[in-house]
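Read the structure below first, then the notes.
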Amino acid sequence: MAVFSDNPVLRGYWHAVARVSELPAAPLKRTLLGVDIVIWRGPDGSVVAAPDRCPHREAPLSAGCVNDGVLQCPYHGWEFGSGGELVRVPSALPGVPVPPTGHLAAVHAQERYGLVWVCLDEPVAGVPVIAHDVDPAFRRINNPVEAWTTSATRLTDNFMDYTHFPFVHTGTFGRAQDTVVPRFEVEALSEGWYGFQYEVDVNNPDTAKTISGQDDEVLHRHMSTGFTLPFAVRSTIKYETGLEHILLLLTTPIDDVNCYFTFVVWRNDDFSVSAEEVIAFDRMIGAEDKLMLERIPGVLPLAQTGVVSVQADKGSVEWRRQFAALLGLR
Ligand code: FES
Ligand SMILES: [Fe+2]
Numbered sequence: 625m626a627v628f629s630d631n632p633v634l635r636g637y638w639h640a641v642a643r644v645s646e647l648p649a650a651p652l653k654r655t656l657l658g659v660d661i662v663i664w665r666g667p668d669g670s671v672v673a674a675p676d677r678c679p680h681r682e683a684p685l686s687a688g689c690v691n692d693g694v695l696q697c698p699y700h701g702w703e704f705g706s707g708g709e710l711v712r713v714p715s716a717l718p719g720v721p722v723p724p725t726g727h728l729a730a731v732h733a734q735e736r737y738g739l740v741w742v743c744l745d746e747p748v749a750g751v752p753v754i755a756h757d758v759d760p761a762f763r764r765i766n767n768p769v770e771a772w773t774t775s776a777t778r779l780t781d782n783f784m785d786y787t788h789f790p791f792v793h794t795g796t797f798g799r800a801q802d803t804v805v806p807r808f809e810v811e812a813l814s815e816g817w818y819g820f821q822y823e824v825d826v827n828n829p830d831t832a833k834t835i836s837g838q839d840d841e842v843l844h845r846h847m848s849t850g851f852t853l854p855f856a857v858r859s860t861i862k863y864e865t866g867l868e869h870i871l872l873l874l875t876t877p878i879d880d881v882n883c884y885f886t887f888v889v890w891r892n893d894d895f896s897v898s899a900e901e902v903i904a905f906d907r908m909i910g911a912e913d914k915l916m917l918e919r920i921p922g923v924l925p926l927a928q929t930g931v932v933s934v935q936a937d938k939g940s941v942e943w944r945r946q947f948a949a950l951l952g953l954r
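To convert, count from 1 in the sequence shown and add 624; that's this note's numbering.
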């Protein structure tokens with residue numbers, strides 16, 4: 625039995641599982657909360673997500689192919705269209721209707737922020753809000769969706785924590801940061817995010833100068849870091865030049881100890897730097913987190929007494945408190 629990933633509460637939330645740009649290569653196979661799903665773009669243009677199991681003899685549909693939006697099972701060629709509807713059985717005599725129980729039990733799927741989001745049950749909440757997405761001053765840059773060998777609990781805890789910066793992010797931005805964390809309040813932020821705001825000095829190595837737009841070796845940032853349950857974290861960075869860099873950090877549990885991770889960036893820059901250059905530094909930062917987190921086995925203990933916390937951990941402690949409550953663990 626899983627610790628958290630089979631909790632039915634999580635099936636009511638939207639989870640990012642793929643980039644929209646991957647859909648032409650469909651069918652895509654993903655595992656969400658322990659459930660294998662197949663994803664493709666149907667004949668009506670909408671994204672379809674369904675259990676990756678053919679109703680006929682249980683072949684994985686993700687091993688099949690998509691032609692004009694119709695997904696064909698690789699075993700006996702049954703075909704599924706918009707909404708997962710069974711539209712053709714190749715062995716059937718002309719005029720014989722398809723069996724009504726042969727339709728796929730499609731789950732909810734939608735596109736947002738360049739990503740495919742899936743919800744396995746009736747949604748209890750929307751996709752997390754990033755208001756900058758409709759602000760013409762900001763451009764959006766997407767990243768690949770990667771599978772990481774770490775628990776979604778540890779990754780989300782990590783994103784709500786900035787005391788690891790001077791230790792984990794020494795190869796990127798973290799060396800200049802004071803290890804001492806001033807007192808801060810955990811509070812409601814804008815657009816439904818919950819977290820904290822802080823001021824921090826960061827290193828600005830040569831690899832970062834293009835995207836920070838500044839030459840100084842150390843820069844000052846005003847930041848906010850907040851979560852929306854269950855696993856979304858928004859980190860906003862504002863430089864003294866007015867440049868803003870918004871990160872949406874998305875963790876999706878494959879199971880208890882494996883997850884998908886991707887991040888989306890919004891920036892109010894002048895577009896003079898390529899998208900690849902903008903995200904290269906953030907990807908280096910992510911690699912530092914990945915190296916650390918993949919060394920830590922298992923699920924983050926969800927009981928507050930399961931690990932020791934200090935004042936500076938208030939943000940991640942609050943996420944864990946609300947997450948445990950969401951799961952009905954207290
Ligand atoms: S198992 Fe899919 S068509 Fe037979
Ligand atoms: Fe980090």
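Just so you know, even glycine gets a beta-carbon here, dropped at the ideal spot from N, CA and C.
Buried/exposed call for residue i, threshold 16 Cβ in 10 Å
i                 : result
serine 670        : exposed
leucine 717       : exposed
serine 836        : buried
threonine 589     : In the structure as shown, the chain begins at 625 and stops at 954. Residue 589 is therefore absent and cannot be evaluated.
valine 720        : exposed
valine 932        : exposed
methionine 784    : buried
phenylalanine 789 : buried
glutamate 912     : buried
aspartate 705     : According to the sequence as given, residue 705 is glycine; it is not aspartate. Classification of glycine 705: buried, given that the 10 Å Cβ count is 16 or more.
histidine 700     : exposed
threonine 875     : buried
arginine 712      : exposed
aspartate 692     : exposed
arginine 919      : exposed
glycine 688       : buried
alanine 674       : buried
Any non-hydrogen atom of ligand 1 closer than 7 Å to residue i Cβ
i              : result
alanine 716    : no
cysteine 697   : yes
histidine 727  : no
tryptophan 664 : no
glutamate 912  : no
glutamate 709  : no
arginine 681   : yes
glycine 705    : no
cysteine 678   : yes
tryptophan 702 : yes
For residue j and residue i, the rounded distance between their alpha carbons
i                 : j                 : result
histidine 639     : leucine 953       : 21 Å
phenylalanine 762 : aspartate 906     : 17 Å
threonine 787     : valine 690        : 47 Å
leucine 951       : phenylalanine 887 : 25 Å
proline 648       : glycine 738       : 14 Å
proline 667       : valine 694        : 6 Å
threonine 852     : glutamate 901     : 28 Å
aspartate 894     : valine 758        : 17 Å
histidine 844     : glutamine 838     : 11 Å
leucine 926       : alanine 650       : 36 Å
aspartate 937     : valine 662        : 38 Å
isoleucine 729    : glycine 850       : Note that residue 729 is alanine in the sequence shown, not isoleucine. Answer to the nearest angstrom: the Cα atoms are 35 Å apart.
phenylalanine 791 : asparagine 631    : 34 Å
glycine 708       : tyrosine 637      : 21 Å
histidine 869     : alanine 683       : 44 Å
leucine 744       : arginine 635      : 5 Å
valine 881        : asparagine 766    : 25 Å
tyrosine 863      : asparagine 892    : 11 Å
alanine 626       : glycine 658       : 9 Å
valine 748        : phenylalanine 628 : 18 Å
arginine 736      : arginine 799      : 35 Å
alanine 755       : leucine 813       : 13 Å
valine 741        : threonine 803     : What sits at residue 741 in the sequence shown is tryptophan, not valine. Going from the Cα of tryptophan 741 to the Cα of threonine 803 covers about 37 Å.
alanine 899       : glutamate 646     : 18 Å
valine 889        : valine 753        : 13 Å
tryptophan 943    : valine 644        : 29 Å
valine 633        : glycine 922       : 21 Å
Nearest-angstrom beta carbon gap, residue j and residue i [assumed within contact, 8 Å]
i                 : j                 : result
alanine 733       : cysteine 883      : The pair is not a contact, with the Cβ atoms about 19 Å apart (cut-off 8 Å).
isoleucine 903    : phenylalanine 797 : At roughly 14 Å, the Cβ-Cβ gap does not stay under 8 Å, so isoleucine 903 and phenylalanine 797 are not in contact.
methionine 847    : valine 824        : 6 Å
tryptophan 772    : phenylalanine 885 : 5 Å
threonine 834     : valine 897        : 6 Å
valine 857        : valine 769        : 16 Å between Cβ atoms; not a contact.
phenylalanine 855 : threonine 780     : 5 Å
glycine 939       : glycine 819       : 6 Å
Distance cut-off 7 Å: residue i Cβ against heavy atoms of ligand 2
i              : result
asparagine 892 : no
asparagine 782 : yes
leucine 934    : As written in the sequence, residue 934 is valine, which differs from the leucine given in the question. No; taking the cut-off as 7 Å, the Cβ of valine 934 has no heavy atom of ligand 2 nearer than that.
isoleucine 909 : yes
aspartate 840  : no
valine 792     : yes
histidine 788  : yes
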